[in-house]
Structure formats: structure tokens, C-alpha cells
Amino acid sequence: MLDCASRLMHLLDRPDAVPILRPGIMRELHYWLLSGPHGPALRTLADPDSYAGRLAAAIAILRTEYRSRVPVERLAAAAAMSLTAFHKHFKMMTSLTPGQYQKRLRLIEARRLMLDQGFSASNAAFEVGYESVSQFTREYGRLFNMPPKQDALRARAISSIFKHSQADALGAELH
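Take the position in the sequence shown, starting the count at 1, then add 292; the result is the number in the numbering used here.
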């Protein structure tokens, strides 16, 4: 699988070869994935009639509507399961409850807004559906191990260092 991934990465330098070589490499990668130790689990995930396939509909709703409260009854109906079965299979598949999953989606999106678009913590919190900045800050700290503002400042500092080191390396190559 690593060899396939490596060959795919090498195609980035040869865009003219992508249409010819990529389909074969992807087919080989799929073969290795499906014939490996996790093949049965991957086949189950891809089966639209499996629990995982049915849960995909509920997860799609959570991903698109993460900002608002989504009734768990609606999610269970989308997965064509009873509430009990839905909770059981959702937790088994994701290791989270639907509420925890939605919370994680919100926090990840808030982090992206702060890091990529320069949102303040409070603006990001409200943008992703939090009504309380203090609750957002607590939950963010639990997931990312530091308060949102501190995390954003740390990430920006690391990014700045990385950009400067890249510029220095490019300058050295040019001389």
C-alpha cells in the first residue's frame, strides 16, 4: 500500500501521466486494502445495506447541519433504525454518541475558522452554533488540550516559523 501511495505522490510531479497511471494504481491500492486484514470491515462499510452504510445517511445529515440541533429521531429514521439500534450502532462505528460526534464537528470547524480565516474564538463559536462562549471554550480545551485563543496563537506561530524556514531554504537553493 505504501508503494501505491508513493507512486501516486510521484504523479504530482508528472500531471501528464495522471490520466494514464492513476486508475491502475488506484485499482491496485483497492486490491491491497480489500485483501488485507481489514478487508472484511472495509467491504462492510461500503455495503449500502450494512449498518455502516445506513449510518452514512445520518452522518451526512450531521455533517451538513452541524450548526443546528438535529433530533436523534430524525437521524435514526435516516438510518432506517430504531432509536436503540441507532445509538448502539452509531457508537460502535464512531466510538461517539451522535451528540458527541456533532460537537466534535463543530469544534473542528471552529478551529479551522480561527486558523484559516482569522476568526476570533467568540465569532467562531457563534458561527458553528454555540450559544455560550464559555461552554465553547471548555469543550474546545477538552478536545484540543488548550483554550481556543492559545491554540490559534500557537498554530499561527508554528505556521510563521514554517513559512520562514521554507523561505530560507528557497533562498539558499537560489544562491
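Where is the CB? At the ideal position from N, CA and C, for every residue including glycine.
Assignment of Leu321 by DSSP, reduced to helix, strand and coil, places it in the helix class. Around the C-beta of Leu367, 16 or more other C-beta atoms lie within 10 Å, and the residue is accordingly described as buried. For Val425, the enclosing alpha helix (DSSP H) covers residues 425 to 436. Unbroken alpha helix (DSSP H) runs of no fewer than 4 residues, entirely contained in the region 377 to 416, are found at 390 to 409, following chain order. Annotation: Leu303 is outside any alpha helix (DSSP H) and is labelled neither H nor E by DSSP. The count of Cβ pairs closer than 8 Å, one atom from the region 349 to 356 and one from the region 367 to 385, reaches three, so the stretches are in contact.
Look at Asp308 here: in three-state DSSP terms it is helix.
When C-alpha distances from Leu337 are compared across Val362, Ser298, Met384, Arg299, the shortest belongs to Met384. Pro332 is positioned such that its CB atom lies no closer than 8 Å to that of Val364.
Val310 counts as exposed, since fewer than 16 other beta carbons sit within 10 angstroms of its beta carbon. Its chain contains Phe428 as the residues whose beta carbon lies nearer than 6 Å to that of Tyr422, once the 5 sequence neighbours on both sides are disregarded; these appear in chain order. Here Gln409 is actually not in contact with Leu354; their C-beta atoms are around 22 Å apart, not less than 8 Å.
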